[in-house]
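*Asks:* Got a structure for you, written out below as structure tokens; questions coming shortly.
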Ligand code: NA
Ligand code: NA
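Residue numbers (the working numbering), protein chains in the order written: chain P, 69 to 243; chain E, 13 to 440; chain U, 278 to 591.
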């Protein structure tokens, strides 16, 4: 289990970092071409659309890791003031809701992916099938639901606050 | 009506129980869909989820988040703040004013309040604390100053408003400059009051020799604003592209010049920025779904018929307008509020003789205020994510600024000359 | 009403498309004894055009009126309307082409996409503006023009020797102001509405790009309507076209005045220039179209060239 989880984390990490650096690289390339050789910039007009699509994958595919790293926002003051047994119950409630919500959204995502692939819709400049973009939320909610489930079964602990006071996120990232 | 009340009550309960905000927005929206719009295909939920974030104008946010974290964990931030503190550290409230000025400068290029919080927050927060500002006040100041990004041109909000109403974007930009300055001055007054009360320590004046050293030390770091501002104003790149270029520049300076950024660290920062991006965008995504149902519920039509029925004069009308935006700003993303509320309000406003540019200022000031008002204030969540502070703490710090903002709103609403002074000078 | 259709589109409430959609809604309601009701959602309230078209396929909304330029991803065949100077400038000639076998086949090409295209609505023509001189087509060489995401429009500028830069609509004003791009193409009322005259010096009234709207209905909704109601709807949309065109022309003329008064250097391209430009860009844009639309595209181009020859000559 621990090894599987480690492999998953590494995969997500590599995927997110690759996507993000590609987004930066592509936009910069677009600027450079326009400044250095504007006659070729027509050939790079797909960049805008590509970066936008990559961003969708970046957003959704980071949802699961964000949950595991306790990065999702919520208003927790009132809950944290409750006695421990009640709090445990609430934690369970949140995790179950998260699992169910993620499963439902994933199901809708799959439906949407199938529908859009079947309709044959293609993107304007990249000319790729638009069904791909709906794969982003579908994968994202699988990853998110998985984390809610792992938290529900106690495999990961996402409710105990971090003891070390580390404002710089880079240290967290190395965890 | 009963059902809607039940859904709203349930929303409040799960929010208080500390459910993640994405569930707080997502679960009730699903309920609204099932209860009131059962005939619509279920997949509309996923379609609008993507629709809420698939806009190219939002792309500046991930890049500025990334650049901000690169700078904050390396040398650029440290050296820039070293320079600021050498120059202004001896004045009372100097660092506080620097935060406001920095937000205006940065906001002038990014046009996005969340991107401004992301880019500046991590940089200035430690400096504020070191100078003796309270935690709450520091957080409130960072979040609120970023509002000027929407007011100081260029601003995406003005462009959208201009498109919707056919108002001159150039005149809106000119008016926004004055409003941005008004807001900044009010915040600056708050800083002075706080600095006096908290007895924020003014440090001893730094000798000029040391100031020059700080300036030279900040040389490469100063290249960042030069590249962003210079690149945009010379027409080399768009504000969104500038955000991407700033990442490349930050990697270059931290990695090649200062040699503090190894591959491993770059990967860590990149991943952390990706996570921050996700945390913010998922809320925008759910906001998109919610605002779709608000439109289908004919809320805009209800507002126009209400206004027609009460036959209000300009003063009452503007008050109602402000209340509508404030309520909308509490629950939905401000840009969606713009799309939903401007169409019913604009024709009424013009028929009452309210100048479209003036109305644009009022609306945009409302939108920017919506970014910092709980429970759904996008900038609150961005600050929470970049500074790693609980949202409740940020909300606690933001109240004096919300109050100051409401005063600014009243001034701008009832003294149209402030909004129209520069546009009249330049264009009319 | 028995049948309620949510109809979404992008233009603002005061623009021709919305005014005539409201008019059609009223007429259809009367003619079906109140049994068919159209709810019009202007200004992208229900999402951007891609989402609205997708939503029409899904049944999230019952209909949308979309510029053809936004539909290439759903139906590559429709991109034929992106080809510059495709439609004659004369209204009667253009309408004859819309009503020809070419127009019918074009509408039919949507049938495999889960939507029913019931008609084309003319919505004016695009013009060029730039901060650099555009007195002559040759002067386009080396200039940077903003284009929408469309391979055919990119080919159009390439054929003219200019660089095509894809930028989002929302960033266009600032990009023109800062000089990221030199120029752009849009209909005159958009140029006036977005106040591009504040950030652009020159305008050529070239009428080069026909702005055609496609009226799309969700297939399941359309099939649920009784035959006679369908006919009422199709006929009403068709019937208002002359008034729609006139309203649009008035708005364009007013916009041209505003643009001139604000100091833009305006020049109207001569018929010879238009003919020369059509001949210059037609082969490249046609090739780009066929490359993307395949056999269906070839067939449509064949029908188009025949209709054009019948209506205009040569
Ligand atoms: Na700005
Ligand atoms: Na708010």
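All residues carry an ideal CB built from backbone N, CA and C; glycine is no exception.
I want to verify the contact list: residues of chain E whose CB lies under 9 Å from the CB of residue 297 of chain U, in sequence order.
*Replies:* Here residue 297 of chain U refers to the residue found at position 20 of the third chain. What residue 297 of chain U touches in chain E: nothing, since even the nearest Cβ is about 18 Å away.
*Asks:* Between which two residues does the beta strand (DSSP E) carrying residue 398 of chain U extend?
*Replies:* Counting from 1 along the third chain, the entry for residue 398 of chain U is found at position 121. 392 to 407 is the extent of the beta strand (DSSP E) around residue 398 of chain U.
*Asks:* So, does the CB of residue 401 of chain U fall closer than 9 Å to a CB anywhere in chain E?
*Replies:* One-based indexing of the third chain puts residue 401 of chain U at position 124. It does not: the Cβ of residue 401 of chain U has no partner Cβ on chain E nearer than 9 Å.
*Asks:* Find the residues of chain U that neighbour residue 53 of chain E, judging by a C-beta separation of less than 7 Å, and give them in chain order.
*Replies:* The count along the second chain starts at 1 and reaches residue 53 of chain E at position 41. Simply 335, 336, 337.
*Asks:* Going by DSSP, what residue range makes up the beta strand (DSSP E) through residue 440 of chain U?
*Replies:* For this step, residue 440 of chain U is matched to residue 163 along the third chain. 440 to 443 is the span of the beta strand (DSSP E), which, as asked, contains residue 440 of chain U.
*Asks:* Please confirm whether residue 530 of chain U has its beta-carbon closer than 9 Å to some beta-carbon of chain E.
*Replies:* Position 253 of the third chain holds residue 530 of chain U. With 9 Å as the cut-off, residue 530 of chain U does not count as an interface residue toward chain E.
*Asks:* Between the stretch 80 to 98 of chain E and chain P, which residues of the former have a C-beta closer than 8 Å to a C-beta of the latter?
*Replies:* 81, 84, 85
*Asks:* Provide the residue(s) that pair with residue 544 of chain U in DSSP beta bridges, ordered along the chain.
*Replies:* Along the third chain, read from residue 1 onward, the residue named residue 544 of chain U stands at position 267. Per DSSP, U:481.
*Asks:* Do the stretch 258 to 265 of chain E and the stretch 231 to 240 of chain E touch if we need at least three Cβ pairs shorter than 8 Å?
*Replies:* yes
*Asks:* Which residue or residues does DSSP assign as beta-bridge partners of residue 282 of chain U?
*Replies:* As a first step, residue 282 of chain U must be located in the third chain, where it is residue number 5. Looking at the DSSP assignment, residue 282 of chain U forms a beta bridge with U:315.
*Asks:* Please list the partners that residue 426 of chain E has in chain U, where partner means a Cβ-to-Cβ separation under 7 Å.
*Replies:* Your numbering for residue 426 of chain E matches position 414 in the second chain. Within chain U, no residue comes near residue 426 of chain E; the closest Cβ sits about 27 Å away, beyond 7 Å.
*Asks:* Compute the distance between the beta-carbons of residue 412 of chain E and residue 149 of chain E, then report whether it is under 9 Å.
*Replies:* Residue mapping note: residue 412 of chain E aligns to position 400 of the second chain, counting from 1. Residue mapping note: residue 149 of chain E aligns to position 137 of the second chain, counting from 1. Contact flag set, yes.
*Asks:* Using a Cβ-Cβ cutoff of 9 Å, what residues of the stretch 102 to 113 of chain P are near chain E? List them in chain order.
*Replies:* 102, 103
*Asks:* To be precise: take each residue of the stretch 448 to 464 of chain U, compare its Cβ to all Cβ atoms of chain E, and keep it if any distance is under 7 Å. Which residues remain?
*Replies:* Flagged, chain order: 448, 450, 451, 452, 455, 456, 457.
*Asks:* Find the residues of chain U that neighbour residue 193 of chain P, judging by a C-beta separation of less than 9 Å, and give them in chain order.
*Replies:* One-based indexing of the first chain puts residue 193 of chain P at position 125. Those within 9 Å of residue 193 of chain P in chain U are 426, 427, 428, 431, 443.
*Asks:* At the level of alpha carbons, what is the spacing between residue 521 of chain E and residue 96 of chain E?
*Replies:* The structure shown does not extend to residue 521 of chain E, since chain E is modelled only from 13 through 440, so no value can be given for it.
*Asks:* Cutting at 6 Å between CB atoms, please list the residues of its own chain near residue 364 of chain E, excluding the five before and the five after it.
*Replies:* Locating residue 364 of chain E in the second chain gives position 352, where the first residue counts as 1. Same-chain partners within the cutoff: 326, 329.
*Asks:* Here's a check: name, in chain order, each residue in its chain whose Cβ is nearer than 8 Å to the Cβ of residue 471 of chain U, leaving out the five neighbours to either side.
*Replies:* In the third chain, residue 471 of chain U corresponds to position 194, counting from 1. So the list reads 449, 450, 463, once near-sequence residues are dropped.
*Asks:* Kindly indicate which three-state DSSP category residue 341 of chain U falls into: helix, strand or coil?
*Replies:* Taking the third chain and counting its residues from 1, one reaches residue 341 of chain U at position 64. Three-state DSSP puts residue 341 of chain U in a strand.
*Asks:* With three or more C-beta pairs closer than 8 Å as the rule, is the stretch 205 to 222 of chain P touching the stretch 172 to 183 of chain P?
*Replies:* yes
*Asks:* Determine which residues share a DSSP beta bridge with residue 495 of chain U and list them.
*Replies:* As a first step, residue 495 of chain U is located in the third chain; it is residue number 218 there, counting from the start. Answer by DSSP bridge pairing, in chain order: U:392.
*Asks:* For residue 67 of chain E, decide whether its Cβ has a neighbour in chain U, counting only Cβ atoms nearer than 9 Å.
*Replies:* Along the second chain, read from residue 1 onward, the residue named residue 67 of chain E stands at position 55. With 9 Å as the cut-off, residue 67 of chain E counts as an interface residue toward chain U.
*Asks:* Do you know how far the Cα of residue 358 of chain E is from the Cα of residue 135 of chain P?
*Replies:* Taking the first chain and counting its residues from 1, the one referred to as residue 135 of chain P is at position 67. Taking the second chain and counting its residues from 1, the one referred to as residue 358 of chain E is at position 346. Between residue 135 of chain P and residue 358 of chain E, the C-alpha separation is close to 42 Å.
*Asks:* Could you tell me if residue 220 of chain E is buried or exposed, where buried requires 16 or more neighbouring beta carbons within 10 angstroms of its beta carbon?
*Replies:* Mapped onto the second chain, residue 220 of chain E falls at position 208. Exposed, since its Cβ has fewer than 16 Cβ neighbours within 10 Å.
*Asks:* If you measure from the beta carbon of residue 176 of chain E to each beta carbon in chain U, is any gap under 9 Å?
*Replies:* Numbered from 1 along the second chain, position 164 holds the residue referred to as residue 176 of chain E. Residue 176 of chain E counts as touching chain U.
*Asks:* With a 10 Å radius around its C-beta and 16 neighbouring C-beta atoms as the bar for buried, classify residue 516 of chain U as buried or exposed.
*Replies:* As a working mapping, residue 516 of chain U is identified with position 239 in the third chain. By the 10 Å Cβ count, residue 516 of chain U comes out exposed.
*Asks:* Using a cut-off of 8 Å between C-beta atoms, extract the partners of residue 332 of chain U located in chain E.
*Replies:* In the third chain, counting from the first residue as 1, residue 332 of chain U sits at position 55. Residues of chain E passing the Cβ test: 56, 59.
*Asks:* Check the Cβ of residue 248 of chain E against every Cβ in chain P and list those closer than 8 Å, keeping chain order.
*Replies:* Locating residue 248 of chain E in the second chain gives position 236, counting from the first residue. Correct list: 99, 103.
*Asks:* What's the C-alpha gap between residue 546 of chain U and residue 483 of chain U?
*Replies:* As a working mapping, residue 546 of chain U is identified with position 269 in the third chain. As a working mapping, residue 483 of chain U is identified with position 206 in the third chain. Whole-angstrom Cα-Cα distance: 5 Å.
*Asks:* Whose C-alpha, out of U:397, U:536, U:409, is nearest the C-alpha of residue 380 of chain U?
*Replies:* As a working note, residue 380 of chain U is residue 103 in the third chain. Distances from the CA of residue 380 of chain U to each of U:397, U:536, U:409 were compared; the closest alpha carbon is that of U:397.
*Asks:* Where does residue 441 of chain E fall in DSSP's three states?
*Replies:* Limits of chain E in this structure are 13 at one end and 440 at the other, which puts residue 441 of chain E out of reach.
*Asks:* Using a C-beta to C-beta distance shorter than 7 Å, which residues of chain P count as neighbours of residue 146 of chain E?
*Replies:* Residue mapping note: residue 146 of chain E aligns to position 134 of the second chain, counting from 1. Residues of chain P passing the Cβ test: none, with the nearest at roughly 17 Å.
*Asks:* Please report the distance separating the alpha-carbon of residue 108 of chain E from that of residue 354 of chain E.
*Replies:* One-based indexing of the second chain puts residue 108 of chain E at position 96. One-based indexing of the second chain puts residue 354 of chain E at position 342. The alpha-carbon separation between residue 108 of chain E and residue 354 of chain E amounts to approximately 35 Å.
*Asks:* Is the closest heavy atom of ligand 3 to the C-beta of residue 81 of chain E under 8 Å?
*Replies:* The ligand content of the structure shown is limited to ligand 1 and ligand 2, which means ligand 3 is not among them.
*Asks:* Using 9 Å as the limit for Cβ to Cβ distance, is residue 7 of chain E near chain U?
*Replies:* What is shown of chain E runs 13 to 440, which leaves residue 7 of chain E out entirely.
*Asks:* So, are the CB atoms of residue 373 of chain U and residue 588 of chain U less than 9 Å apart?
*Replies:* Here residue 373 of chain U refers to the residue found at position 96 of the third chain. Here residue 588 of chain U refers to the residue found at position 311 of the third chain. Yes, Cβ-Cβ distance for residue 373 of chain U and residue 588 of chain U is below 9 Å.
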